[in-house]
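According to the numbering used here, the sequence shown is numbered sequentially starting from 376. The C-beta atom is built at its ideal place from N, Cα and C for all residues, glycine as well. It should be emphasised that the depicted structure is a prediction, and the values quoted were computed from it without experimental measurement. To start, the structure under review is shown below, and the notes come after it.
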Amino acid sequence: MKRYGFALVVAVVIIAIVVFPSDKKRIRKAIRICEQAIINENSEALMSLISFNYSDDYGGSYLMLKKRSERLFKTYDDYEIIADIVGITVNEGKAIADLKVSIIASEGNERGYLLGDAGSHRKIKVYFEKDKFGWAIVRLYDEKH
(Lines of atoms letter the chains of each structure in order from A and count residues from 1; the text may use other names and numbers.)
(Lines give C-alpha, C1' and ligand atoms only; values in the text may rest on other atoms or scores of the structure.)
Protein backbone atom coordinates (compact mmCIF):
# COMPACT_ATOMS: atom_id res chain seq x y z
CA MET A 1 0.00 0.00 0.00
CA LYS A 2 2.86 2.39 0.80
CA ARG A 3 4.32 1.75 -2.66
CA TYR A 4 1.08 2.85 -4.31
CA GLY A 5 0.97 5.98 -2.17
CA PHE A 6 4.56 6.81 -3.11
CA ALA A 7 3.87 6.11 -6.79
CA LEU A 8 0.82 8.37 -6.63
CA VAL A 9 2.85 11.21 -5.10
CA VAL A 10 5.56 10.83 -7.78
CA ALA A 11 2.90 10.80 -10.53
CA VAL A 12 1.27 13.96 -9.14
CA VAL A 13 4.65 15.74 -8.98
CA ILE A 14 5.50 14.75 -12.57
CA ILE A 15 2.08 15.86 -13.82
CA ALA A 16 2.44 19.18 -11.95
CA ILE A 17 5.83 19.79 -13.57
CA VAL A 18 4.45 19.07 -17.04
CA VAL A 19 1.12 20.88 -16.65
CA PHE A 20 2.41 23.89 -14.69
CA PRO A 21 5.63 25.02 -16.36
CA SER A 22 8.11 27.14 -14.47
CA ASP A 23 8.43 30.88 -15.03
CA LYS A 24 11.70 30.28 -16.90
CA LYS A 25 9.94 27.90 -19.30
CA ARG A 26 7.18 30.44 -19.87
CA ILE A 27 9.74 33.14 -20.61
CA ARG A 28 11.56 30.83 -23.03
CA LYS A 29 8.23 30.19 -24.73
CA ALA A 30 7.53 33.94 -24.96
CA ILE A 31 10.94 34.47 -26.60
CA ARG A 32 10.24 31.69 -29.13
CA ILE A 33 6.80 33.18 -29.88
CA CYS A 34 8.49 36.55 -30.55
CA GLU A 35 10.95 34.80 -32.86
CA GLN A 36 8.15 33.14 -34.82
CA ALA A 37 6.17 36.38 -34.99
CA ILE A 38 9.15 38.12 -36.60
CA ILE A 39 9.78 35.24 -39.01
CA ASN A 40 6.09 35.24 -39.98
CA GLU A 41 6.03 39.07 -40.08
CA ASN A 42 3.10 39.07 -37.66
CA SER A 43 3.10 42.40 -35.85
CA GLU A 44 0.00 41.56 -33.78
CA ALA A 45 1.52 38.34 -32.40
CA LEU A 46 4.74 40.18 -31.62
CA MET A 47 3.00 43.05 -29.87
CA SER A 48 0.85 40.67 -27.81
CA LEU A 49 3.98 39.95 -25.75
CA ILE A 50 4.99 43.59 -25.33
CA SER A 51 3.75 45.49 -22.28
CA PHE A 52 1.81 48.71 -22.80
CA ASN A 53 4.35 50.11 -20.29
CA TYR A 54 7.28 49.29 -22.60
CA SER A 55 10.11 51.82 -22.76
CA ASP A 56 13.74 51.67 -23.86
CA ASP A 57 16.92 53.74 -23.98
CA TYR A 58 16.05 55.01 -27.45
CA GLY A 59 12.85 56.69 -26.23
CA GLY A 60 10.76 53.84 -27.59
CA SER A 61 7.28 53.08 -26.34
CA TYR A 62 4.69 50.41 -27.11
CA LEU A 63 3.20 52.47 -29.96
CA MET A 64 6.59 53.36 -31.42
CA LEU A 65 7.67 49.73 -31.30
CA LYS A 66 4.46 48.68 -33.05
CA LYS A 67 4.97 51.25 -35.83
CA ARG A 68 8.64 50.27 -36.14
CA SER A 69 7.80 46.57 -36.47
CA GLU A 70 5.13 47.28 -39.10
CA ARG A 71 7.61 49.40 -41.07
CA LEU A 72 10.31 46.72 -40.84
CA PHE A 73 7.88 44.02 -42.01
CA LYS A 74 6.98 46.16 -45.05
CA THR A 75 10.63 46.80 -45.88
CA TYR A 76 12.25 43.41 -45.26
CA ASP A 77 11.29 39.81 -46.01
CA ASP A 78 12.54 36.28 -45.43
CA TYR A 79 13.70 36.76 -41.83
CA GLU A 80 16.12 34.31 -40.26
CA ILE A 81 16.80 34.53 -36.54
CA ILE A 82 19.66 32.97 -34.64
CA ALA A 83 18.93 33.38 -30.94
CA ASP A 84 20.65 31.73 -28.02
CA ILE A 85 19.20 32.15 -24.56
CA VAL A 86 22.29 32.55 -22.39
CA GLY A 87 20.42 32.83 -19.11
CA ILE A 88 17.18 33.79 -17.42
CA THR A 89 16.94 35.34 -13.96
CA VAL A 90 13.53 35.49 -12.25
CA ASN A 91 12.88 37.49 -9.10
CA GLU A 92 9.50 38.49 -7.62
CA GLY A 93 7.45 39.05 -10.75
CA LYS A 94 10.35 40.41 -12.80
CA ALA A 95 12.80 38.63 -15.05
CA ILE A 96 15.79 39.31 -17.27
CA ALA A 97 16.67 37.11 -20.23
CA ASP A 98 20.18 37.40 -21.63
CA LEU A 99 20.27 36.61 -25.35
CA LYS A 100 22.80 36.44 -28.15
CA VAL A 101 20.95 37.32 -31.34
CA SER A 102 21.52 37.76 -35.06
CA ILE A 103 18.74 38.64 -37.48
CA ILE A 104 19.17 38.24 -41.23
CA ALA A 105 16.61 39.52 -43.73
CA SER A 106 16.14 40.35 -47.40
CA GLU A 107 15.31 43.65 -49.03
CA GLY A 108 14.60 43.02 -52.69
CA ASN A 109 17.53 40.96 -54.01
CA GLU A 110 19.83 42.01 -51.18
CA ARG A 111 20.30 39.89 -48.06
CA GLY A 112 22.12 40.99 -44.94
CA TYR A 113 22.27 41.28 -41.19
CA LEU A 114 19.81 43.59 -39.45
CA LEU A 115 21.27 42.70 -36.06
CA GLY A 116 24.61 41.11 -35.29
CA ASP A 117 26.93 39.78 -37.98
CA ALA A 118 28.55 36.59 -39.21
CA GLY A 119 31.34 36.81 -36.65
CA SER A 120 29.34 37.59 -33.55
CA HIS A 121 25.82 37.82 -32.24
CA ARG A 122 24.48 40.92 -30.48
CA LYS A 123 24.06 40.69 -26.72
CA ILE A 124 20.53 41.74 -25.80
CA LYS A 125 18.88 41.91 -22.39
CA VAL A 126 15.11 41.45 -22.40
CA TYR A 127 13.30 42.66 -19.28
CA PHE A 128 9.99 41.02 -18.40
CA GLU A 129 7.30 41.75 -15.85
CA LYS A 130 4.57 39.35 -14.86
CA ASP A 131 1.03 40.65 -15.14
CA LYS A 132 -2.36 38.96 -14.90
CA PHE A 133 -1.98 37.61 -18.45
CA GLY A 134 1.55 36.23 -18.06
CA TRP A 135 5.01 37.56 -18.83
CA ALA A 136 5.33 40.73 -20.93
CA ILE A 137 8.40 42.52 -22.27
CA VAL A 138 8.85 45.93 -20.65
CA ARG A 139 12.31 46.87 -21.92
CA LEU A 140 15.06 45.81 -24.30
CA TYR A 141 18.69 46.70 -23.77
CA ASP A 142 21.28 46.31 -26.51
CA GLU A 143 24.69 45.92 -24.86
CA LYS A 144 26.33 47.50 -27.90
CA HIS A 145 24.31 50.67 -27.24
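- By the beta-carbon neighbour count (other beta carbons within 10 angstroms, threshold 16), Leu438 is exposed.
- By the criterion of at least three beta-carbon pairs nearer than 8 Å, the segment 479-488 is not in contact with the segment 502-511.
- Boundaries around Ala420 are those of the alpha helix (DSSP H), Ser418 to Met422, since no beta strand (DSSP E) includes it.
- DSSP places Ser481 inside the beta strand (DSSP E), whose first and last residues are Lys469 to Glu482.
- Pairing Leu474 with Val465 gives a Cβ-Cβ distance that is not under 8 Å.
- The alpha carbon of Tyr488 has as its nearest neighbour, out of Ser430, Asp453 and Ile471, the alpha carbon of Asp453.
- In this structure, the CA atom of Asp431 is about 7 Å from the CA atom of Tyr516.
- Distance check between Gly494 and each of Val476, Val513, Glu518 and Leu424 places Val476 closest, using alpha-carbon atoms only.
- Rounded to whole angstroms, the Cβ separation of Ala511 and Ser426 is 4 Å, and the two are in contact under 8 Å.
- Excluding residues up to 5 positions away in sequence, nothing lies with its Cβ nearer than 6 Å to the Cβ of Leu447 in the same chain.
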